[in-house]
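Asks: Protein chains in written order, with my numbering: chain A, 1 to 112; chain B, 1001 to 1112. C-beta atoms are modelled at their ideal positions from N, C-alpha and C, and glycine is treated no differently. Given the structure is predicted, the values throughout are model-derived calculations rather than measurements.
2 protein chains.
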Amino acid sequence: MANSKLYKGSLTTIILKLLNDNQKMYGYEITQKVKALTNGELNITEGALYPSLHKLEAEGLLDVEVTKVDNRLRKYYKLTEKGTKETSNKLNELQAYIKTIQALVNSNFSLE
Amino acid sequence: MANSKLYKGSLTTIILKLLNDNQKMYGYEITQKVKALTNGELNITEGALYPSLHKLEAEGLLDVEVTKVDNRLRKYYKLTEKGTKETSNKLNELQAYIKTIQALVNSNFSLE
DNA sequence: GTTATATGCATAAGTATTTTATGCATATAT
DNA sequence: ATATATGCATAAAATACTTATGCATATAAC
């Protein structure tokens, strides 16, 4: 991701969430979808995405299905059962993180 | 930080925000404050904190004041003028990140 | 009295995740 | 003919963190 340091660590969660909502997606599609949904604010780099997808596949969270469209290769990924459970965990962790960080940042602690 | 991968990248912002609210703090105090404010959920490790404080000082965002209390060393850090501005930037970036990631995670994009 | 816990700072080695820089290939627009 | 879009991939470097130490004083527990 070529934006802020803050996005570090959230790539996996983003991928899983997108696959959870869209049944199956291929790598390039994920980069374009994220860019569109964030109004260009978040750009996933290929150097981060592909190794991440391979890792998720190796961990048994994703299944792959290779197809050819317009003479070009596509690798569709979709969640396994294990992947669906992990998506739920990751989303809960993200919500907890946001809640915690919001609490830290939205108050003036010198008054406490 | 010994918790989630999600916290990666937010340590600097947390430090700056705490110093912004508390005028001056020392390292150990920061670790305890964060632990208390997050009900033990977020634990900043010393291996992450001290190098980060040194870096912020080197960048001119923090000033240091060494004192001795009860025969023990303390290094109080406080924001410089530059540090105060950077705090504002970092907080804005954090809010933007939260907004973006929330949008990505709280919707069902397959319906769009 | 000595052992654990708390206070306080520091650094080095290892790990994980990302950016940056490439590489290859096809299709389409200029 | 050249640039841009589509599509996957990996390797080197940078970054930020965890884990493991090290040193030192004070206090509580046993």
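Output the residue ranges of the alpha helix (DSSP H) runs that lie fully inside the stretch 1001-1078 of chain B and measure 4 residues or longer, sorted by chain position.
Replies: With a minimum length of 4 residues, the continuous alpha helix (DSSP H) runs that stay inside the stretch 1001-1078 of chain B are 1011-1022, 1027-1037 and 1046-1058.
Asks: Going by other Cβ atoms of all chains shown within 10 Å of its Cβ, with 16 needed for buried, is Asn20 (chain A) buried or exposed?
Replies: Burial call: buried.
Asks: Taking all protein chains shown into account, decide if Tyr1028 (chain B) is buried (16 or more other Cβ within 10 angstroms of its Cβ) or exposed.
Replies: Label assigned to Tyr1028 (chain B): exposed.
Asks: Just the Cα atoms here: how many angstroms apart are Asn1022 (chain B) and Glu1081 (chain B)?
Replies: Each residue's Cα considered, the two are about 15 angstroms apart.
Asks: Mind pulling the chain B residues with CB within less than 8 angstroms of Glu65 (chain A)?
Replies: Correct list: empty, because the minimum Cβ distance to chain B is about 18 angstroms.
Asks: If you follow the alpha helix (DSSP H) that Asn92 (chain A) is in, where does it begin and where does it stop?
Replies: Its alpha helix (DSSP H) spans residues Glu81 to Val105.
Asks: Of all Cβ atoms in chain A, is any one closer than 8 angstroms to the Cβ of Val1105 (chain B)?
Replies: Yes, contact with chain A.
Asks: Count the CB pairs spanning the stretch 86-94 of chain A and the stretch 1090-1098 of chain B that are closer than 8 angstroms, and state whether there are at least three.
Replies: Cβ pair count under 8 angstroms is below three, so no.
Asks: Could you compute how far the alpha carbon of Lys1055 (chain B) sits from the alpha carbon of Asn1106 (chain B)?
Replies: When rounded, the distance between both Cα atoms is 35 angstroms.
Asks: Nearest to Thr84 (chain A) by CA position, among A:Tyr50, A:Lys68, A:Val69 and A:Glu57, is which residue?
Replies: Thr84 (chain A) has its Cα closest to that of A:Glu57, out of A:Tyr50, A:Lys68, A:Val69 and A:Glu57.
Asks: Return yes when the C-beta of Thr1100 (chain B) is under 7 angstroms from any heavy atom of the ligand MG, and no when it is not.
Replies: The ligand MG is not part of the structure shown, which contains no ligands of any sort.
Asks: List, in chain order, every chain A residue whose beta-carbon is nearer than 8 angstroms to that of Gln1102 (chain B).
Replies: Within 8 angstroms Cβ-Cβ: Ile98.
Asks: Residues of chain B with a CB under 7 angstroms from the CB of Ser10 (chain A): which are they?
Replies: Ordered by position in chain B, the residues that pass the 7 angstroms Cβ test against Ser10 (chain A) are Leu1006 and Ile1101.
Asks: Chain B beta carbons: is any one of them nearer than 8 angstroms to that of Leu94 (chain A)?
Replies: Closer than 8 angstroms: yes.
Asks: Let me see if you follow: with CB-CB separation under 8 angstroms, is Leu61 (chain A) close to chain B or not?
Replies: Chain B, which has no Cβ nearer than 8 angstroms to the Cβ of Leu61 (chain A), makes this no.
Asks: Alpha carbon to alpha carbon, what distance is there between Lys68 (chain A) and Lys35 (chain A)?
Replies: Straight-line Cα distance between these residues: approximately 24 angstroms.
Asks: Check whether the stretch 1033-1047 of chain B and the stretch 41-50 of chain A touch, using three or more Cβ-Cβ pairs below 8 angstroms as the test.
Replies: No, the stretch 1033-1047 of chain B does not touch the stretch 41-50 of chain A.
Asks: Note down, in chain order, every chain B residue with its Cβ under 8 angstroms from the Cβ of Glu41 (chain A).
Replies: Ala1096 and Thr1100, listed in chain order.
Asks: With a 10 Å radius around its C-beta and 16 neighbouring C-beta atoms as the bar for buried, classify Tyr1050 (chain B) as buried or exposed.
Replies: Exposed, by the Cβ-count rule.
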